[in-house]
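Q: If you're matching positions, the sequence shown starts at 11 in the numbering used here and goes up one per residue.
Yeah, the Cβ is synthetic: ideal placement off N, Cα and C, and Gly gets one too.
Bear in mind that the values here come from a model prediction, so they are computed numbers and not experimental data.
What follows is a structure written as structure tokens; I'll ask about it next.
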Amino acid sequence: MEKFDIEAEQLPKILDSDPAVISIGAVPGQIVKITRKSRTAKYATAYRFIIECESR
């Protein structure tokens, strides 16, 4: 995350058990980019740091 001058752990978290994470085959420690349609802009981009679900 050099582009934004932050560490991955500073990003919002998403669990590896999330259906979207499972569907793309991502694993804990990776960062995913999420792009959504926006009413005020054409799209909005967010990043999430994947963490392991502890309740398995």
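1. Can you give the beta carbon distance from ALA41 to PHE59, rounded, assuming they're within the 8 angstroms contact cut?
2. Per DSSP, what kind of secondary structure is ILE61 in: helix, strand or coil?
3. Roughly how many angstroms separate the alpha carbons of ALA54 and PRO22, rounded to a whole number?
4. By a C-beta neighbour count over all protein chains shown, 10 Å radius and 16 as the cutoff for buried, is ILE32 buried or exposed?
5. Would you tell me roughly how many angstroms separate the C-alpha atoms of ASP28 and ILE61, rounded to the nearest one?
A: Taking the structure as given:
1. Taking the sequence shown and counting its residues from 1, one reaches residue 41 at position 31. Taking the sequence shown and counting its residues from 1, one reaches residue 59 at position 49. A quick correction: the sequence has Ile, not Ala, at residue 41. Yes, they are in contact, since the Cβ atoms of ILE41 and PHE59 sit about 6 angstroms apart, within 8 angstroms.
2. Taking the first residue of the sequence shown as 1, we reach residue 61 at position 51. Strand, per DSSP.
3. Taking the first residue of the sequence shown as 1, we reach residue 54 at position 44. Taking the first residue of the sequence shown as 1, we reach residue 22 at position 12. About 15 angstroms.
4. Taking the sequence shown and counting its residues from 1, the one referred to as residue 32 is at position 22. With fewer than 16 other Cβ atoms within 10 Å, it is exposed.
5. The count along the sequence shown starts at 1 and reaches residue 28 at position 18. The count along the sequence shown starts at 1 and reaches residue 61 at position 51. Going from the Cα of ASP28 to the Cα of ILE61 covers about 10 angstroms.
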